[in-house]
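Read through the structure below, which is laid out as structure tokens, and then see the notes.
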Ligand code: ATP
Ligand code: MG
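Residue numbers (the working numbering): 4 to 574.
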């Protein structure tokens, strides 16, 4: 008896179960080979991350290989900028491809496979117009009708196909079609197009070709050429599987006779965003966002700039799992993953986003002391740091109310609070500006409470973060919210599009923030928890002396809370 195959990790989804069974039974010679096949027509998004984690993950767990293959068969929309960005994103996510390929590398062998299909009577050149082809296709209830060109001789087909390649015909005059079955209940089997004429310059092959293979032709044969064993794709390709199988069965692509097997899984859908590259491109082109890497975009590069870690994205993908049924994942789940990761890792710092000046009238003028602050209560090895404290501080404007509502425990006239790791502070007066707005607070501190505890056991109900005005550094902070104000942006009223569902308040820029001096040298990409506020990272726009932070995520899920409150409040 054969030893049972033991993979590195237990199968946790239906795909891993299939792969494990195949590896154990010796199907595909016991090999496991997958690929991630993006079309370089845009930047990768979080949906692609699911596919990347699956393809590279399965290969890794079963000791197999995973290729990165650019599905670059559509010259009109593709660009080398996207190729470079996709490579960077896959690597940033923590994966290394075993081999890098381009479907365009296979244009010559693919052409020869098409010739082989013609020669065996399985493909023909059709000269109907696009409209006529559509008219011949039939409907869901009626079979299609054969093209009058379907019975051209092999010689005539070979001659026409060679002349298509040679550039003798303009776009659309002929197409090469598989000769399968115009009465098939599956439209994809009603003589699907395999090649079309397109006089366009390709980002890699230039003007070498003026005929390009269709995705449904190129994809299975590219898989077979690379000896892929499990071709994992999303559910919309389920109906294409018969054609996939027809091609890899009728063409001896792999020298060893092996055939790749297509397996479909449910794509990732996330609420409050759109994920098709075409729509994301519209957001970029219409300047709804600042670019593909705008921190509000669901792209990998946008999430990276927002402060997401590769670990959090991989963790998210593993939590949502892989199944066969479509569903919608709550954005809160993605946010949960980054909160968990940063909670464990991010250094805590104090930053005041909307500063309110506090003068401690009983603190000696000109004096500065340093208080010890814990860097990360979740990680003792992160140690402590010194933060300067002096007579004039900034606190968060939200942390003060002149007329506090019930249960407002933060600062108000006469009330005592704790300044984090420093002293107890009592508000003794307010200074107002010409418009009657609170401009400054007068406070006293209790020197006996240094470190934040009172020796007489006096209790306070709130602890505020603060910075010393003389030592703090000015910074810009960008607060992000959902890019769309509705959970399903694609669902738009008549005459409207997803662009009408944009959240007008998805970006708020605060330019008068004050952060503690330890952040002076923070480099772009560095991540922190701003105490009591959330997780923030340094944006690439930051320059020495001009810090810029992005809010990655707030500490708690303010959005869900707000929505709940709105739902409960009668209007
Ligand atoms: P888009 O419509 O966003 O352009 P696509 O499917 O056309 O998506 P490709 O570049 O062709 O994008 O996709 C590369 C791989 O990523 C494919 O195998 C595809 O099935 C997978 N993929 C794309 N979107 C998702 C998603 N939302 N969830 C899971 N996998 C996805
Ligand atoms: Mg596509």
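Glycine included, each C-beta is placed from N, C-alpha and C at the ideal position.
Quick caveat: nothing in here was measured; it's all calculated off a predicted structure.
- Annotated three-state conformation of residue 469 is strand, per DSSP.
- Distances taken from the Cβ of residue 271 to the heavy atoms of the ligand ATP include one shorter than 7 Å.
- Inside the stretch 237–308, DSSP marks whole beta strand (DSSP E) runs of 3 or more residues at positions 264–268, from first to last along the chain.
- Taking the Cβ of residue 236 as the reference point, at least one heavy atom of the ligand ATP falls within a distance shorter than 7 Å.
- Pairwise C-beta distances place the stretch 193–206 in contact with the stretch 172–183, as three or more of them are shorter than 8 Å.
- At least one heavy atom of the ligand ATP is found less than 7 Å from the C-beta of residue 74.
- Under the criterion of beta carbons closer than 8 Å, residue 15 and residue 35 do not qualify as touching, at roughly 16 Å.
- A straight-line Cα-Cα distance of about 58 Å links residue 451 and residue 57.
- Of the residues assessed, residue 500 falls on the exposed side of the cut-off, its CB having fewer than 16 other CB atoms within 10 angstroms.
- The beta carbon of residue 327 sits no closer than 7 Å to any heavy atom of the ligand ATP.
- Distance from the CA of residue 472 to the CA of residue 356, rounded to the nearest whole angstrom, comes to 13 Å.
- Nearest neighbour of residue 256 by Cα position, chosen from 395, 133 and 226, turns out to be 226.
- Secondary structure of residue 360 (DSSP, three-state): strand.
- Shown here for residue 513: same chain residues with a beta carbon closer than 6 Å to its own, the five before and five after excluded, namely 356 and 480 in chain order.
- Looking at the DSSP output, residue 116 sits in no beta bridge, so it has no partner there.
- The Cβ atoms of residue 96 and residue 341 lie no closer than 8 Å to each other.
- If you draw a straight line from the Cα of residue 252 to the Cα of residue 262, it comes to about 7 Å.
- Judged by DSSP secondary structure, residue 127 falls within the beta strand (DSSP E) whose first and last residues are 126–129.
- Of all C-beta pairs linking the stretch 213–226 to the stretch 80–96, fewer than three are shorter than 8 Å, placing the two stretches out of contact.
- Per the DSSP secondary-structure output, residue 541 pairs in a beta bridge with 552.
- Taking 8 Å as the upper bound for CB-CB distance, residue 78 and residue 215 are in contact here, some 6 Å apart.
- Around the Cβ of residue 408, a 10 Å sphere holds fewer than 16 other Cβ atoms; the residue is exposed.
- Less than 8 Å divides the Cβ of residue 268 from the Cβ of residue 325.
- In this structure, residue 506 lies away from residue 495, with their beta-carbon atoms at least 8 Å apart.
- The stretch 455–466 and the stretch 433–445 do not touch, with fewer than three beta-carbon pairs separated by less than 8 Å.
- Along the stretch 378–411, the beta strand (DSSP E) occurs as fully enclosed runs of 3 or more residues at 387–393 and 395–399, listed in sequence order.
- When secondary structure is reduced to three states using DSSP, residue 94 falls in the helix class.
- When the five nearest sequence neighbours on each side are left out, the beta carbons in the same chain lying within less than 8 Å of the beta carbon of residue 132 are those of 175, in order along the chain.
- Under the three-state reduction of DSSP output, residue 324 falls in the coil class, being neither helix nor strand.
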